[in-house]
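Numbering (the working numbering), first residue to last: 70 to 271.
By construction, the Cβ of each residue, glycine as well, lies at the ideal position given by its N, Cα and C atoms.
Note that the structure is a prediction, hence the values are computed from the model and not measured.
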Amino acid sequence: MASPKVAGPEIERLIQLLGKLPGLGPRSARRAALHLIKRKDQLLVPLAEAMGVAVEKIGVCSTCGTVDTSDPCAICTDPKRDQSVLVVVEDVADLWALERASAINARYHVLGGTLSPLDGVGPEDLNIASLIERCGREDISEVILAINATVEGQTTAHYIMDHLSNLDVNVTRLAHGVPVGGELDYLDEGTLAQALKARTRF
Ligand SMILES: [Zn+2]
C-alpha cells in the first residue's frame, strides 16, 4: 500500500528521487528531503547548483574509464604518477577507495564490471579491449589486477591475464588473506586457506 502524500508533488518527487540513492530508504529519504528544505539557502540551493554543474561537466575518461570533469581525467594527465604501472579495477568506487588509501601512485583502468556469463556480461561489455590496446601502445611494465575476490572477479582476472600474456607486461594481483586487524577465529575457511597458501617470509 502506498504511503499517504504529506506534501505537494515537487516535494514528493524530491523524496522519491532521494529514496533511489544507495543506503536511503523511504524514511531516511523523507528525513533528508526535510533537512534540505529546512536549510534551503545553505544546502538545497548549493546542492542544486553543484548537481547542475555535475550534469554539465562530468563525463567518462576515454583513456581509463573513470568519471571526471575533464577528458583525459586528472589522474591520466598527472605527470607525477608512475606512468609504467596500471591498476585495473572493476568500478570507479574501487579506484576512489585505492586513492583514499594513498597506497600507490599509479594510473588506473576501470573495467566497468566483471565477466558474468549468467548475467550475459561478456568481454565486449567491459573495457578489456581498451586495456589490452593501452598496454600495447603505452610503455606499461606492470598491470596490477585490483579486482574483487569474487568468482566473477577472479574469472575476469584470468581472462585479462591470458590476453596480456603475449605482451611484455608483468601481471600481478592483490594478495588475498587476513585483513589488517582481522582475527583468525572470525575468518571464513576460504580466506584462511588462501592466507596460508600466500604466506610470506617474516
Ligand atoms: Zn583517465
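Let me make sure I understand the geometry here. Which of the options has the alpha-carbon closest to that of residue i?
i	options	result
VAL136	ASP160, VAL154, LYS149	ASP160
LYS126	GLU118, ALA119, THR138, MET120	THR138
VAL154	VAL238, LEU180, VAL124	VAL238
ALA143	TRP165, VAL122, LEU116	TRP165
ALA101	GLN111, ILE84, ALA117	ILE84
ASN174	ASP140, GLY181, VAL156	VAL156
Could you give the C-beta distance for residue i and residue j, rounded to a whole number, given that I count them as a contact under 8 Å?
i	j	result
GLY246	GLN263	6 Å
PRO78	GLY88	About 15 Å separates the two Cβ atoms, so there is no contact after all.
GLY134	HIS178	7 Å
VAL240	LEU214	7 Å
Over what stretch of residues does the alpha helix (DSSP H) that includes residue i continue unbroken?
i	result
VAL240	Counting along the chain, VAL240 falls outside any alpha helix (DSSP H), though it belongs to the beta strand (DSSP E) covering 239-242.
LEU273	With the chain running from 70 to 271 in the structure shown, residue 273 is simply not present.
VAL124	114-126
ILE84	78-87
GLU252	Where GLU252 is concerned, there is no enclosing alpha helix (DSSP H), given that its DSSP letter is neither H nor E.
ILE213	Looking at the DSSP string, ILE213 is not in any alpha helix (DSSP H); the run it does join, the beta strand (DSSP E), is 211-214.
GLU221	220-233
LEU195	It is not in any alpha helix (DSSP H) - LEU195 carries neither H nor E in the DSSP assignment.
What's the gap between the Cα of residue i and the Cα of residue j?
i	j	result
LEU113	LEU105	5 Å
LEU103	PRO91	18 Å
ASP147	ASP257	40 Å
ALA119	GLY222	34 Å
ARG271	GLU252	Note on identity: in this sequence residue 271 is Phe, with Arg being the wrong assignment. Computed Cα separation, rounded: 19 Å.
ASN196	ALA76	44 Å
SER234	LEU265	27 Å
ALA244	VAL158	15 Å
SER97	ARG203	44 Å
Is any heavy atom of ligand 1 found at a distance shorter than 7 Å from the C-beta of residue i?
i	result
ILE144	yes
THR138	no
CYS204	no
PRO148	no
THR269	no
PRO91	no
PRO141	yes
THR219	no
THR135	yes
THR132	yes
Between which two residues does the beta strand (DSSP E) harbouring residue i extend?
i	result
TYR177	175-179
ASP151	151-158
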